[in-house]
Amino acid sequence: MNLQDQEEKLRYILDFSWEIYIERLISSKISLNLESSMQLHYASIINNLGELLIVKPDEIFNVELEHAYENTSKYIDIQCSYNNVKAALELKCFRKGSNRAKDIDMYDALKDIERLDSFKAHKIKKFICLSDDISYLDGKHTGHAGIVSIKDGRKIASGTKIVPSWIGKWKNKSRDNPIVIKNDIHFKWIRKDKWYYVIIDLYS
């Protein structure tokens with residue numbers, strides 16, 4: 052089996068697993084509290100489906116949570132591999148009851164997209180953001196939030212540098228770094244019952 056066929060099969064596993072995940076979430080077959088539970092449930096479905104579809108003696112499939120990227124301080128939420136093809140998935144889960152500021156959440160989402168671009172060993176790179184709070188996609192994002200908005204319909208061109216407007220104004224400097232987006236990305240949110248999600252595929 053050539054690399055293209057392996058990539059298509061792995062993409063199918065990831066995409067179908069997400070469809071199963073979101074339907075099970077909507078029907079309350081699984082519960083979602085923290086982002087870690089999202090990672091666990093999604094990875095479990097990926098693993099189960101992958102094990103069912105990988106049937107030939109020369110096929111190897113693997114799933115790993117919080118994978119350390121090439122002995123660096125960067126971690127991948129979920130890494131999957133099928134023979135010679137690797138996939139990196141970064142997940143975000145923003146709940147309505149959270150006390151976190153939305154501009155911080157949206158900055159972190161864009162930062163994850165930037166990080167995904169640095170994973171050069173991965174043929175497949177996906178960012179998935181899930182929320183039960185419609186304001187992330189339909190809210191009136193102004194001020195700080197307007198700079199880092201991930202609202203429905205926003206397009207960011209390849210090479211765009213996003214400079215947070217709060218730089219130098221807060222005690223916590225961990226989010227004072229600009230973000231460079233290296234892919235053309237389009238936030239097209241999908242609405243399913245009380246849940247909303249967006250999937251961004253990045254290409255090297």
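Be aware that the sequence shown starts at 52, since it is given in our numbering, and climbs by one per residue. Built from N, CA and C at the ideal position, the CB exists for glycine as well.
Query: With distance defined between alpha-carbon atoms, name the residue in K143, H195, K220 nearest to I251.; Result: K143
Query: Looking only at DSSP bridge pairs, what is V136 linked to?; Result: Y133
Query: Taking DSSP as the reference, what is the three-state secondary structure of E117?; Result: strand
Query: Applying the criterion that 16 or more other CB atoms from any shown protein chain within 10 Å of the CB defines a buried residue, is Y254 buried or exposed?; Result: exposed
Query: From this set, S209, I230, R146, K125, which residue's C-alpha is nearest P215's C-alpha?; Result: I230
Query: Measuring alpha carbon to alpha carbon, tell me which residue in I236, R151, G204, D227 is nearest N184.; Result: Checking the sequence, you will find Asp at residue 184 rather than Asn. Selected option, being the one with the closest Cα: R151.
Query: Can you tell me whether DSSP reads Y93 as helix, strand or coil?; Result: helix
Query: Apart from the five residues just before and just after I155, which ones in its own chain have a Cβ nearer than 7 Å to its Cβ?; Result: R226
Query: Applying the 10 Å Cβ sphere with the 16-neighbour rule, what's the burial state of Y158?; Result: buried
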